[in-house]
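Quick note: my numbering has the sequence shown finishing at residue 591, numbered continuously throughout.
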Amino acid sequence: MTIRLRLTLWYTALLGITLILFSVTVYSALAANLRYQLEQSAALQARNIAAAVAQQFQGDVLVFRSRAGNVFFPQVELFASSVGAQLLDTEGNVLKRSENLGDILIPHHTETMARINAGLDDRYYYISSDGAAFLVYTVPLFVNNQLMGAVQIIQPVTTALTALTQVNRYLILGTTISIVLAAIVGAFLARRALAPIDTITETANAITRAHDLSKRIDIRDNASEVGRLAATFNAMLDRIQQLFQAQERLIGDVSHELRTPLTTIQGNIELLQRMAAAPHGNNNLSHAEVAELLQESLNEVKAESERMNKMISDLLLLAQADSGALQIQMAPVEMDTLLLDVYRQTRRLVEHYKGRPDALEVRLGSEDQALVRGDRERLRQVLINLAENAVKYTPEGGVITFSLENREGWVRISVSDTGIGISEEQQAAIFERFYRTDKARSREMGGSGLGLSIAQRIAQAHNGKITVVSQLNQGSTFTLWLPEWQEAPSEAPINLKNTVIAGT
Ligand code: ADP
Numbered sequence: 088m089t090i091r092l093r094l095t096l097w098y099t100a101l102l103g104i105t106l107i108l109f110s111v112t113v114y115s116a117l118a119a120n121l122r123y124q125l126e127q128s129a130a131l132q133a134r135n136i137a138a139a140v141a142q143q144f145q146g147d148v149l150v151f152r153s154r155a156g157n158v159f160f161p162q163v164e165l166f167a168s169s170v171g172a173q174l175l176d177t178e179g180n181v182l183k184r185s186e187n188l189g190d191i192l193i194p195h196h197t198e199t200m201a202r203i204n205a206g207l208d209d210r211y212y213y214i215s216s217d218g219a220a221f222l223v224y225t226v227p228l229f230v231n232n233q234l235m236g237a238v239q240i241i242q243p244v245t246t247a248l249t250a251l252t253q254v255n256r257y258l259i260l261g262t263t264i265s266i267v268l269a270a271i272v273g274a275f276l277a278r279r280a281l282a283p284i285d286t287i288t289e290t291a292n293a294i295t296r297a298h299d300l301s302k303r304i305d306i307r308d309n310a311s312e313v314g315r316l317a318a319t320f321n322a323m324l325d326r327i328q329q330l331f332q333a334q335e336r337l338i339g340d341v342s343h344e345l346r347t348p349l350t351t352i353q354g355n356i357e358l359l360q361r362m363a364a365a366p367h368g369n370n371n372l373s374h375a376e377v378a379e380l381l382q383e384s385l386n387e388v389k390a391e392s393e394r395m396n397k398m399i400s401d402l403l404l405l406a407q408a409d410s411g412a413l414q415i416q417m418a419p420v421e422m423d424t425l426l427l428d429v430y431r432q433t434r435r436l437v438e439h440y441k442g443r444p445d446a447l448e449v450r451l452g453s454e455d456q457a458l459v460r461g462d463r464e465r466l467r468q469v470l471i472n473l474a475e476n477a478v479k480y481t482p483e484g485g486v487i488t489f490s491l492e493n494r495e496g497w498v499r500i501s502v503s504d505t506g507i508g509i510s511e512e513q514q515a516a517i518f519e520r521f522y523r524t525d526k527a528r529s530r531e532m533g534g535s536g537l538g539l540s541i542a543q544r545i546a547q548a549h550n551g552k553i554t555v556v557s558q559l560n561q562g563s564t565f566t567l568w569l570p571e572w573q574e575a576p577s578e579a580p581i582n583l584k585n586t587v588i589a590g591t
């Protein structure tokens, strides 16, 4: 059953029950009140007549019976209303009737006479054969404390009962119309209130059918619960779309990045195959030359395989960081000692990338003492990455400066170079996966564009960050910011899951 139908039914049922209870109460109260009024007035009249009749007799039962036909019914005559009166003896025989009773005959009612003989009032409602209704009210008639008979008031109540029936009809009609209206209005209101949910369903369906994540729900009423649901749904779609696009970009980038080394490996394998087919073919190469060519080819295959291996490890690390599977062990780390290590290692990097150790000058700037809470090896990885980039993107003769400042609760480790620099537009993008300002140059240096993404991830996992200040052809300064650690060490592992990196 739909929520709309359920709401409508509930609404209608509640209103229906309320109205029915209200109608029944009103009708019962009205009917009881009406009967009470009628009976009270009949009783009063009957007693008045009984008193008047009693005054007209002093004698005994026999005198009463013989002269009863001549008694005078003062009240009845006075009002000349439709209310009639009868004088009965103790057996219920009619001794006198008021003239206005005409031909209305009230049959003998044994129960009434039983009550009268017991000295009690009696009342009942009599419906004549032609449908006219009467209230028959009988009181005992005492003369000198002796029961002589009874005075009976016969009051037509058809009009009163008809009015009551009319009220009943109106109440039933009103209640029915109200319930039908309530059902219609309820259905309309439920439809209106739930319309945005239909829109949400339709949008979700449209997205599923068309594979189009760009669709959004048109929100008209931000304040309502459903409006907020729609807004949340839209926000969720934004996020999913972003993730989806990032995923697509990543798959595109990964396949592209893996294709290049694979092409090189394939080319070399084909060369090796040709050489294997005709080791001394028509190429006029000496043994030594063939051996050298083989070696070159194999070296290239090895280098490209290593590149691929490194790229896959880096991607795995990023994927683990995304899924929260990557954990790092926190412990106190003396950053000044670590920086000194990296400083020494950078000299070897210069030799590796530039061919000789003095191709770049590596300096140590300010070196405060600083303790942070973190994973020493991961932090070393970050600093080596920054140092390696500085070496790679600084031409010979340049200067690389390391410095460590500990101020206002932040430990800042900077790696400055006098290299090629990064334009302002590209500075945010370099932290994205696979982003490189110059692909060819980066590749030449063995880079894949993942280093800074990983470094930023690790920094964020330490509640820190990496910032860059750079000017094209002037140089760059990368700074790793880490919160200074002052308290007692704790070995609790921390999780990379909730960290967010620019561009991921
Ligand atoms: P890569 O493996 O290409 O070095 P990174 O993620 O470490 O990947 O760096 C991304 C890009 O940022 C590099 O390709 C380069 O264009 C730019 N970059 C990083 N460090 C520097 C630097 N010190 N000077 C100039 N450009 C840099």
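Just so you know, even glycine gets a beta-carbon here, dropped at the ideal spot from N, CA and C. None of the values given here were measured: they were computed from a predicted structure.
Residue i, buried or exposed, once every other Cβ within 10 Å from all chains shown has been counted against 16
i: Q173; result: buried
i: M88; result: exposed
i: T99; result: buried
i: M323; result: exposed
i: A542; result: buried
i: Q132; result: buried
i: L385; result: exposed
i: A457; result: buried
i: M398; result: buried
i: R494; result: exposed
i: V502; result: buried
i: R520; result: buried
i: I140; result: Correcting the residue type first, residue 140 is Val in the shown sequence and not Ile. Per the 10 Å Cβ criterion, buried.
CB of residue i within 8 Å of CB of residue j, strictly
i: I306; j: A317; result: yes
i: L539; j: I517; result: yes
i: R544; j: L425; result: no
i: Y430; j: L447; result: no
i: W572; j: V459; result: yes
i: F159; j: V150; result: no
i: N255; j: Y123; result: no
i: Y480; j: I507; result: yes
i: T505; j: G562; result: yes
i: E344; j: S535; result: yes
i: E454; j: S400; result: no
i: G171; j: L182; result: no
i: T319; j: I304; result: no
i: L251; j: L121; result: yes
i: D217; j: A130; result: no
i: S557; j: T566; result: no
i: T263; j: S110; result: no
i: V420; j: R361; result: no
Contact test: residue i Cβ vs ligand 3 heavy atom, cutoff 7 Å
i: Y480; result: This structure simply doesn't include ligand 3; it includes ligand 1 instead.
Same chain, Cβ closer than 6 Å to residue i, neighbours up to 5 away in sequence not counted
i: L179; result: Sequence inspection shows Gly at residue 179; the Leu mentioned does not correspond to that position. Once the five neighbours on either side are set aside, the close Cβ partners of G179 are H195, M200.
i: L102; result: A269
i: P283; result: V313, A317
i: E511; result: none
i: I90; result: none
i: S185; result: F160, V163, G171, A172
Proximal residues to residue i (C-beta, below 8 Å), its chain only, five neighbours per side dropped
i: E126; result: R210, L222, Y224
i: Q432; result: I471, A474
i: I193; result: Q173, Y213, F221, V223, Q239, I241
i: L234; result: T177, I203, N204, G206, P227, L228
i: A293; result: D299, K302
i: G485; result: L447, E448, D504, T505, G506, G562
Reference residue i; option with closest CA among the options
i: D445; options: G339, L436, S453, L402; result: L436
i: M532; options: Y440, I107, A119; result: Y440
i: A219; options: T245, G236, A457; result: T245
i: R154; options: L175, V170, G171; result: L175
i: P482; options: R528, I500, D455; result: R528
i: S265; options: T105, N493, D401, L182; result: T105
i: A477; options: W497, N560, V111; result: N560
i: R530; options: R394, R434, G261, T263; result: R394
i: R152; options: Q514, D409, K526, A237; result: A237
Proximal residues to residue i (C-beta, below 7 Å), its chain only, five neighbours per side dropped
i: A390; result: none
i: N550; result: P570
i: F351; result: First, the residue type needs correcting, since residue 351 is Thr and not Phe in the sequence shown. Answer for T351: E387, E391, listed in chain order.
i: F331; result: L300
8 Å Cβ cutoff, residue i in contact with chain D
i: V449; result: The structure shown contains no chain D, having only a single protein chain.
Worksheet entry | Three-pair Cβ contact test at 8 Å for the segment 295-309 versus the segment 350-367 | no
Worksheet item: Is the number of C-beta pairs between the segment 369-384 and the segment 399-419 that are closer than 8 Å three or more?
Response: no
Practice prompt. Check whether the segment 89-97 touches the segment 269-278, taking contact to mean three or more Cβ pairs, one atom from each stretch, closer than 8 Å.
Written response: Flag = yes, the segment 89-97 and the segment 269-278 touch.
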